[in-house]
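Trainee:
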Amino acid sequence: MATQPHQTETLLDRENLLAQARERAGLTDFGDPWFLEPMDHYLDASNREGRLTPAGRASTIEVIVKGLVSRLRMIDDIKRHPEILDEKVEVAGIILGLPRTGSTIFQRLLASAPGMTGLRWYEAQNFAPFPGEERGNPVERRAYAQAMIDGWLQLAPELASIHPLEPDAPDEEILVLGQMFVSTMVEGMNFVPGFTRWLNGYDQSRGHEDLKTILQYLQWQDPSRHGAKWILKSPSNLPYAEVAAKAFPEALLIMTHRDPLQTVPSYVSMQAALYKLSATLTDREVGEFWFPRLTEWMRMFEAARTRIGEHRFIDIDYREVGKDPMAQAQRVLSRFGITLDNRLEEALTEFLAGNKREQRPMHDYTLERFGLDEEAIKNAFATYRQRYIL
Numbered sequence: 021m022a023t024q025p026h027q028t029e030t031l032l033d034r035e036n037l038l039a040q041a042r043e044r045a046g047l048t049d050f051g052d053p054w055f056l057e058p059m060d061h062y063l064d065a066s067n068r069e070g071r072l073t074p075a076g077r078a079s080t081i082e083v084i085v086k087g088l089v090s091r092l093r094m095i096d097d098i099k100r101h102p103e104i105l106d107e108k109v110e111v112a113g114i115i116l117g118l119p120r121t122g123s124t125i126f127q128r129l130l131a132s133a134p135g136m137t138g139l140r141w142y143e144a145q146n147f148a149p150f151p152g153e154e155r156g157n158p159v160e161r162r163a164y165a166q167a168m169i170d171g172w173l174q175l176a177p178e179l180a181s182i183h184p185l186e187p188d189a190p191d192e193e194i195l196v197l198g199q200m201f202v203s204t205m206v207e208g209m210n211f212v213p214g215f216t217r218w219l220n221g222y223d224q225s226r227g228h229e230d231l232k233t234i235l236q237y238l239q240w241q242d243p244s245r246h247g248a249k250w251i252l253k254s255p256s257n258l259p260y261a262e263v264a265a266k267a268f269p270e271a272l273l274i275m276t277h278r279d280p281l282q283t284v285p286s287y288v289s290m291q292a293a294l295y296k297l298s299a300t301l302t303d304r305e306v307g308e309f310w311f312p313r314l315t316e317w318m319r320m321f322e323a324a325r326t327r328i329g330e331h332r333f334i335d336i337d338y339r340e341v342g343k344d345p346m347a348q349a350q351r352v353l354s355r356f357g358i359t360l361d362n363r364l365e366e367a368l369t370e371f372l373a374g375n376k377r378e379q380r381p382m383h384d385y386t387l388e389r390f391g392l393d394e395e396a397i398k399n400a401f402a403t404y405r406q407r408y409i410l
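If you read the sequence shown in the numbering used here, its first letter stands for residue 21, the second for the next number, and so on.
1) Can you have a look at Lys296 and say buried or exposed, based on whether 16 or more other CB atoms are within 10 angstroms of its CB?
2) Give the list of continuous alpha helix (DSSP H) stretches no shorter than 4 residues that lie fully inside the region 181 to 245.
3) Which value, in whole angstroms, describes the spacing of the CA atoms of Ala414 and Leu63?
4) Would the region 243 to 263 count as touching the region 135 to 155 if we require 3 or more Cβ pairs under 8 angstroms?
5) Distance, Cα to Cα, Ile115 vs Glu186?
6) Ignore the nearest five residues each way along the sequence and tell me which others in Ala367's own chain have a CB closer than 7 angstroms to its CB.
7) Rounded C-beta distance between Asp191 and Ala267? I'm assuming under 8 angstroms.
8) Taking Cβ positions, are Ala261 and Arg325 nearer each other than 8 angstroms?
9) Given this structure, state the Cα-to-Cα distance separating Gln127 from Val263, to the nearest angstrom.
10) With DSSP collapsed to three states, give me the class of Leu392.
11) Per the contact definition of three or more C-beta pairs closer than 8 angstroms, is the region 276 to 287 in contact with the region 116 to 126?
12) Is Phe55 helix, strand or coil by DSSP?
13) Among the candidates Trp141, Ala163 and Trp240, whose CA atom is the shortest distance from the CA of Arg100?
14) Based on Cα-Cα distance, which residue from Phe147, Ile125 and Gly70 lies nearest to Leu195?
15) Suppose the cutoff is 7 angstroms on Cβ atoms and the five residues either side in sequence are ignored; what does the same chain contact list for Ala45 look like?
16) Tell me, please, which residues DSSP counts as bridged to His277.
17) Going by CA-CA distance only, name the one from Gln348, Asp188, Phe150 and Lys108 that's closest to Gly247.
18) What are the boundary residues of the beta strand (DSSP E) that Ala112 is part of?
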């Protein structure tokens, strides 16, 4: 039984958060308020189960408020610049796969190709320009993102070895969807099992409709993106793959594969580091939640892949990316209609030279630390491992 917060002032309150956002933005119109339903479920789970530290509560408030502020600013910008909604956005591919399957480096490799683009980390934190920002020169938003990264690494330095954090690097669209309370990002940052169970049965398509508008907005902010093809990515799309597939029906679904014997403990280790930023959970408790959750993700995905259809997918093996990343990138880019030439080869080579794994600290973890068992992982992912790994 989750313990209730001792003091009512520690509760995250919807109306208070909306008021803070209105005050910060100096605006009042959130557009369609559909997001209030998932917001209420998320706040309820955070208050009941989140075990937030004072710092965690403060950071949760900031994440929520800045997301609401971005929404207010975007709605206002669209009113003043209706041409934003005329932007033609082409999402060429969406990378799926279990977490820790090399999807981050693979997205960044594809996004480095001429004619490609991705959602940048600083944009995911604040998708609307700050007041007075020069179009195409988001100095303040980059600085905000860098300050976030510095704060995270001060509290959890092991994150440097787990996930490369860079303000301008492409990252996951679930960071934006989470600001609308419809993505697994919120369960990745806060411990909210009750919200997770609710989200499994919720129609998340409204979030992806808003995501399309946000991509139009980002493209309008940066004219250099006109005509570019977007590469999206999030392992956390895995359990809700059909939502993404329906939202972007022309997109190739790229599934990255790596043995769950490596990915499960690696991801649980990442979650332990992230929860350390905001909550009081033991390593064992993190393992007890995330191992069955990842198993559930894969079960949900395997059923969805059958319904979506094999023609939408391309499979990328982590081991093959390690051996010849250029060849694997070209397999995907050719499906996007981007052919290999000297310019493409130079761009990919330059990216790979600056993004070697050995340029970051090694990620050190053990199964035992999180109460995980090798045989249990083999059994839970037996079908997946037989098809893609063994």
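Quick reminder that beta carbons are idealized off the backbone N, C-alpha and C, glycines included.
Mentor: The answer reads as follows:
1) Mapped onto the sequence shown, residue 296 falls at position 276. Looking at its Cβ environment, which holds 16 or more other Cβ atoms inside 10 Å, Lys296 is buried.
2) 194 to 197, 205 to 209, 213 to 220 and 225 to 241
3) Nothing can be reported for residue 414, as the shown portion of the chain is limited to 21 through 410.
4) yes
5) Position 95 of the sequence shown, counted from the start, is the residue given in the question as residue 115. Position 166 of the sequence shown, counted from the start, is the residue given in the question as residue 186. Taking the straight line from one Cα to the other gives about 19 angstroms.
6) Along the sequence shown, one-based indexing puts residue 367 at 347. Counting only Cβ-Cβ distances below 7 angstroms, and skipping sequence neighbours, we find Ser132, Ala133 and Pro134.
7) Walking along the sequence shown from the start, residue 191 turns up at place 171. Walking along the sequence shown from the start, residue 267 turns up at place 247. Rounded, the Cβ-Cβ distance is 18 angstroms, inconsistent with contact.
8) For the purposes of this step, residue 261 is taken as residue 241 along the sequence shown, with counting starting at 1. For the purposes of this step, residue 325 is taken as residue 305 along the sequence shown, with counting starting at 1. Cβ distance < 8 angstroms, so Ala261 and Arg325 count as in contact.
9) On the sequence shown, residue 127 is found 107 positions in, with the first residue counted as 1. On the sequence shown, residue 263 is found 243 positions in, with the first residue counted as 1. Taking the straight line joining both Cα atoms gives about 20 angstroms.
10) As a first step, residue 392 is located in the sequence shown; it is residue number 372 there, counting from the start. DSSP places Leu392 in coil when its eight states are reduced to three.
11) yes
12) Position 35 of the sequence shown, counted from the start, is the residue given in the question as residue 55. Correct three-state label for Phe55: helix.
13) Numbered from 1 along the sequence shown, position 80 holds the residue referred to as residue 100. Looking at the Cα atoms, Trp240 is the closest of the given residues.
14) Here residue 195 corresponds to residue number 175 of the sequence shown, with the count starting at 1. Residue Phe147 is the option with its Cα nearest to Leu195.
15) Position 25 of the sequence shown, counted from the first residue, corresponds to residue 45. Once the five neighbours on either side are set aside, the close Cβ partners of Ala45 are Val89, Leu92 and Arg93.
16) Your numbering for residue 277 matches position 257 in the sequence shown. Paired residue(s): Asp337.
17) Here the question's residue 247 lines up with position 227 in the sequence shown. For the residues Gln348, Asp188, Phe150 and Lys108, the minimum Cα distance to Gly247 belongs to Lys108.
18) What you label residue 112 is simply residue 92 of the sequence shown in a count that begins at 1. It spans Glu110 to Gly117 - the beta strand (DSSP E) in which Ala112 sits, taken as one unbroken run.
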